[in-house]
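> Numbering (my numbering), first residue to last: 2 to 490. Pasting in a structure now, in structure tokens, and then I'll have a few things to ask.
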Amino acid sequence: MKYINKISIFILIIVVFITLGVISIEKQIQIIDTDKDVTTIYDMQHLKTIKIKYYEKLSDYCSHKINEIPITSMSLMKIDNFRIYDADNPNSELKELIEVEDGYLLAFKQKQDVIGFKEREFYNTYIKKIDLTGKELWKLTIDKALQKLTIDYFKVLPNRNIIISFTACELHEQLQKKSITCISQQGQVLWKQSFTETCGSVIKHILYTEKNELYCVGACNTKNPIESDQQYHRDIVLTKINNKGVIVKQRLFGGSNYDDVHCVEYNKQFGLVIAGATKSFDGEFIERIFKDTRDFVALFDSNLNTLWCRINMDKHNDDTNNKNIIVNNKIIYLTKYLFDDYTYHERIAMIKIYDKTGDRLYKQLTTTTQYDIFKKHTLLPNGWFIVANANRNSCCLLIYNDQGNYKTGYFLGHSPQDIIPTVDGGFILKSIREIKTLPFSCMRHDTETIIEKYNNEYKLEWRKSYDHYQDKLGTDFVLPLPSGKVIVQ
């Protein structure tokens with residue numbers, strides 16, 4: 002009897018601890034109202050404390066100003082809680098959408114059945130153009146049924162031609178291929194290029210120029226000389242494709258060890274800018290002090306010749322992830338973060354600024370918690386740029402002018418997944434905000450989607466929240482466009 006009572010007491014204690022744990026978890030995700038927030042920013046000369054303007058209220062604001070376009074008017078439908086499909090072809094999932102002057106371009110991934118291979122998944126890609134009323138103008142299927150298909154790139158060039166890139170595997174082949182296709186606004190294929198992916202990705206990034214050329218940047222394994230200790234090393238691959246689809250130049254960049262590219266950007270005044278990491282001590286990385294993996298920034302001219310390469314010489318090397326490049330007509334911004342003194346309790350979010358000659362003008366450091374990172378960034382038409390220093394449910398939105406000087410900022414009770422520059426000089430923030438844990442789970446959350454529009458003076462113009470899936474899993478489809486329109490389900 003005493004034994005049974007002890008078991009009962011033990012079970013009761015476990016139940017109490019579980020209950021307290023659930024309450025504790027739920028408390029952690031509650032939004033706590035405060036009346037201010039302060040961000041400390043360091044630069045090379047002095048310490049500055051910036052008071053951030055605060056917007057915690059998440060109720061709708063001037064939502065009547067929003068120009069909403071329902072997906073049904075575009076012959077689209079939402080079958081499950083997460084994906085959008087072609088209403089005329091339910092096997093086709095919408096992957097990309099671009100707004101053009103006379104309508105919209107939509108890229109779909111269509112599931113295909115291949116006889117004798119029921120256990121495998123095959124897809125092809127097609128593009129549809131519709132007018133502003135949703136009427137289909139043309140439809141173009143890009144390729145045959147392929148395995149492991151992903152759409153990597155979908156853009157409109159300055160001459161209005163369309164570029165789509167996807168990676169896939171043919172039926173009886175093991176190696177993946179990267180295909181790039183150029184299409185006219187009338188739906189005609191103008192040219193194609195394909196690259197075999199022998200290792201990693203020869204084409205990780207694609208950029209277009211004002212001359213409708215493409216710069217493609219990736220990495221590949223290069224065979225070392227016989228006397229070398231390593232059979233292969235990793236090099237960065239630079240490829241230039243002209244507006245006729247011809248590869249006019251392709252070159253390797255790096256040394257005789259591991260080199261990789263993390264982010265790229267192109268600007269007419271500067272050229273091609275890349276940032277990455279290297280273990281090499283020769284080639285373009287001969288000027289080195291430290292032996293560990295080092296970050297670098299490099300600039301190339303229109304013929305892919307190296308103009309300069311700058312290796313990070315700081316005592317504490319930066320974290321080689323979460324780097325982003327922003328380039329306006331005057332300077333290069335490199336945003337990233339490192340761990341403070343390797344304690345892993347705090348991160349130091351960093352903005353490094355370089356001029357056209359590669360001289361580092363200065364760097365700014367923001368101390369954050371280990372969960373805060375430079376999550377999103379964007380360049381505005383006037384050369385100013387925005388950085389979102391964010392965690393799961395809050396964000397410090399920092400705005401810098403075209404010289405890299407801090408101008409203003411906001412503390413937000415949500416964390417932007419996207420920052421969309423608008424044609425009027427402002428921007429739209431899209432955030433998915435966790436409201437509370439779901440009744441049946443301590444780990445899954447009920448969410449709402451927040452859309453905020455800021456004008457060209459960076460003042461809040463309107464806000465609206467969307468939540469069709471209350472107390473259950475599901476995320477609203479909301480797609481803000483550069484025109485200021487918002488596509489909704």
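We treat Cβ as the ideally placed atom computed from N, Cα and C, and that holds for glycine.
#1: If we ignore side chains and look at the alpha-carbon of each, how far apart do G246 and K156 end up?
#2: Could you tell me whether the Cβ atoms of F83 and T126 are closer together than 8 Å?
#3: Curious, which full-length beta strand (DSSP E) runs of at least 3 residues does the stretch 157-196 contain?
#4: Helix, strand or coil: how does DSSP classify S1 here?
#5: Does DSSP put K408 in a helix, a strand or coil?
#6: Beta strand (DSSP E) containing K486: first to last residue?
#7: Short of 6 Å in beta carbon distance, which residues of its chain neighbour E94, apart from the five on each side in sequence? Order them along the chain.
#8: Of the choices I207, C221 and C183, whose alpha-carbon is the least far from that of E198?
#9: Assuming S202 and K178 make a contact with CB atoms under 8 Å, what is their CB distance in whole Å?
#10: Would you kindly report the start and end of the unbroken beta strand (DSSP E) that includes F254?
#11: In this structure, how does DSSP classify G104 when only helix, strand and coil are distinguished?
#12: Who are D261's beta bridge partners in DSSP?
#13: Decide if V479 is buried, meaning its Cβ has at least 16 other Cβ atoms within 10 Å, or exposed.
#14: Can you tell me the Cβ-Cβ gap for D236 and S180, rounded? I've got them flagged as a contact below 8 Å.
#15: Below 8 Å between beta carbons: does that hold for K324 and L308?
#16: Per DSSP, which one or two residues make a beta bridge with A299?
#17: Within a Cβ cutoff of 6 Å, which residues of the same chain sit near F18, ignoring the five residues on either side of it in sequence?
#18: Count the other CB atoms, across all protein chains shown, that sit within 10 Å of the CB of L147; report buried if there are 16 or more and exposed otherwise.
#19: Can you say whether K454 is buried or exposed, counting buried as having 16 or more other CB atoms within 10 angstroms of its CB?
#20: Assuming T409 and Y459 form a contact by the criterion Cβ under 8 Å, report the distance between their Cβ atoms to the nearest whole angstrom.
#21: How is the beta strand (DSSP E) around D87 delimited, first residue to last?
#22: Between the Cα of Q187 and those of P159, I152, K130 and E214, spot the shortest distance and give me the residue it belongs to.
#23: Alpha carbon to alpha carbon, how far is I70 from Q490? Give it in angstroms, no decimals.
#24: Using DSSP with H/G/I as helix, E/B as strand and the rest coil, what is I72?
#25: Helix, strand or coil for I432, going by three-state DSSP, please let me know.
#26: What separation, rounded to the nearest whole angstrom, lies between the Cα atoms of L191 and N244?
#27: Taking only the alpha-carbon atoms, compute the straight-line gap between V23 and P91 and give it to the nearest angstrom.
#28: If I measure Cβ to Cβ from T423 and keep anything under 8 Å in the same chain, skipping five residues before and after, which residues do I get?
#29: For K66, count neighbouring C-beta atoms within 10 Å of its own C-beta (all shown protein chains included) and say buried if the count is 16 or more, exposed if not.
#30: Would you mind reading off the limits of the beta strand (DSSP E) that contains N325?
#31: Sorted by chain position, which residues of the same chain lie with C-beta nearer than 7 Å to D153's C-beta, five sequence neighbours on each side aside?
#32: Rounded to the nearest angstrom, what separates M45 and N402 at their Cα positions?
#33: In terms of DSSP beta bridges, what is I242 paired with?
#34: Tell me the rounded alpha-carbon separation between K49 and Y407.
The answer reads as follows:
#1: Counting from one through the sequence shown, the residue named residue 246 turns up at place 245. Counting from one through the sequence shown, the residue named residue 156 turns up at place 155. Their backbone Cα atoms lie some 15 Å apart in a straight line.
#2: Start at 1 with the first residue of the sequence shown, and residue 83 comes out as number 82. Start at 1 with the first residue of the sequence shown, and residue 126 comes out as number 125. No.
#3: Qualifying beta strand (DSSP E) stretches, in chain order: 163-170 and 177-184.
#4: Residue 1 cannot be examined here, being either before or after the span of the chain that is shown, 2 to 490.
#5: By 1-based counting over the sequence shown, the position of residue 408 is 407. K408 sits in a strand when the DSSP states are folded into three classes.
#6: The residue you call residue 486 lines up with position 485 of the sequence shown. Note, K486: premise wrong, no beta strand (DSSP E); not H, not E.
#7: One-based indexing of the sequence shown puts residue 94 at position 93. The residues are R84, Y86 and K110.
#8: Taking the sequence shown and counting its residues from 1, one reaches residue 198 at position 197. Nearest to E198 by alpha-carbon distance, out of I207, C221 and C183, is C221.
#9: As a working mapping, residue 202 is identified with position 201 in the sequence shown. As a working mapping, residue 178 is identified with position 177 in the sequence shown. Contact check for S202 and K178: beta-carbon distance about 11 Å, past the 8 Å limit, so the pair fails to qualify.
#10: Translated into the one-based positions of the sequence shown, residue 254 becomes position 253. Counting along the chain, the beta strand (DSSP E) containing F254 begins and ends at I248 to F254.
#11: Within the sequence shown, residue 104 is the residue found at index 103, counting from 1. Looking at G104 - three-state DSSP - the assignment turns out to be strand.
#12: Mapped onto the sequence shown, residue 261 falls at position 260. According to DSSP, D261 bridges with A278.
#13: To locate residue 479, count along the sequence shown from 1; it is residue 478. Under the 10 Å beta carbon count, V479 is surrounded by 16 or more other beta carbons and is classified as buried.
#14: The count along the sequence shown starts at 1 and reaches residue 236 at position 235. The count along the sequence shown starts at 1 and reaches residue 180 at position 179. Contact flag wrong, Cβ pair sits at about 22 Å.
#15: Position 323 of the sequence shown, counting from 1, holds the residue named residue 324. Position 307 of the sequence shown, counting from 1, holds the residue named residue 308. Contact flag unset, no.
#16: Taking the first residue of the sequence shown as position 1, residue 299 is located at position 298. DSSP, once it has assigned bridges, lists I275 and C310 as partnering A299.
#17: If you number the sequence shown from 1, residue 18 lands on position 17. Caution applies to F18, whose pLDDT of 46 falls short of 50 and renders its modelled position unreliable; the model cannot decide the point.
#18: As a working note, residue 147 is residue 146 in the sequence shown. L147 is buried by the Cβ-count criterion.
#19: Here the question's residue 454 lines up with position 453 in the sequence shown. K454 comes out buried.
#20: Here residue 409 refers to the residue found at position 408 when the sequence shown is read from its first residue. Here residue 459 refers to the residue found at position 458 when the sequence shown is read from its first residue. The Cβ separation is near 6 Å, so the contact holds.
#21: For the purposes of this step, residue 87 is identified with residue 86 of the sequence shown, where counting begins at 1. For D87, the uninterrupted beta strand (DSSP E) run begins and ends at I85 to D87, by DSSP.
#22: Here residue 187 is taken as the residue at index 186 of the sequence shown, counted from 1. When only C-alpha atoms are compared, the closest one is K130.
#23: As a position in the sequence shown, residue 490 is number 489, starting the count at 1. As a position in the sequence shown, residue 70 is number 69, starting the count at 1. The alpha-carbon atoms of Q490 and I70 are separated by roughly 8 Å.
#24: As a first step, residue 72 must be located in the sequence shown, where it is residue number 71. DSSP, read as helix, strand or coil, puts I72 in helix.
#25: Here residue 432 refers to the residue found at position 431 of the sequence shown. One point to set straight first is that residue 432 is Ser, not Ile, in the sequence displayed. Under the three-state reduction of DSSP output, S432 falls in the strand class.
#26: Translated into positions along the sequence shown, residue 191 becomes position 190. Translated into positions along the sequence shown, residue 244 becomes position 243. Put simply, the backbone Cα of L191 is about 10 Å away from that of N244.
#27: Residue 23 sits at position 22 when you count from the first residue of the sequence shown. Residue 91 sits at position 90 when you count from the first residue of the sequence shown. Residue confidence for V23 is low, a pLDDT of 37 falling below 50, so the modelled location carries little weight; the figure read from the coordinates is stated next. Near 40 Å, if we compare the C-alpha coordinates of P91 and V23.
#28: In the sequence shown, counting from the first residue as 1, residue 423 sits at position 422. The residues I429, K454, P483, S484 and G485, in chain order, have a CB closer than 8 Å to that of T423 in the same chain once the five nearest residues on each side in sequence are set aside.
#29: In the sequence shown, counting from the first residue as 1, residue 66 sits at position 65. Here K66 is exposed, its C-beta having fewer than 16 other C-beta atoms within 10 Å.
#30: As a working mapping, residue 325 is identified with position 324 in the sequence shown. Segment N325 to V328, the beta strand (DSSP E) holding N325.
#31: Within the sequence shown, residue 153 is the residue found at index 152, counting from 1. Excluding sequence neighbours, D153 sits near S166, F167 and T168.
#32: The residue labelled residue 45 in the question sits at position 44 within the sequence shown. The residue labelled residue 402 in the question sits at position 401 within the sequence shown. Note that M45 scores a pLDDT of 31, beneath 50, so its modelled location is shaky; the value from the coordinates is reported in the next line. The alpha-carbon atoms of M45 and N402 are separated by roughly 19 Å.
#33: The residue given as residue 242 occupies position 241 in the sequence shown. Note: I242 is bridge-paired with L215 and I248 in the DSSP secondary-structure output.
#34: To locate residue 49, count along the sequence shown from 1; it is residue 48. To locate residue 407, count along the sequence shown from 1; it is residue 406. Reliability fails at K49, whose pLDDT of 39 lies under 50, so the model's placement of it is uncertain and the value that follows must be treated cautiously. Rounded to whole angstroms, K49 to Y407 spans 11 Å at the Cα level.
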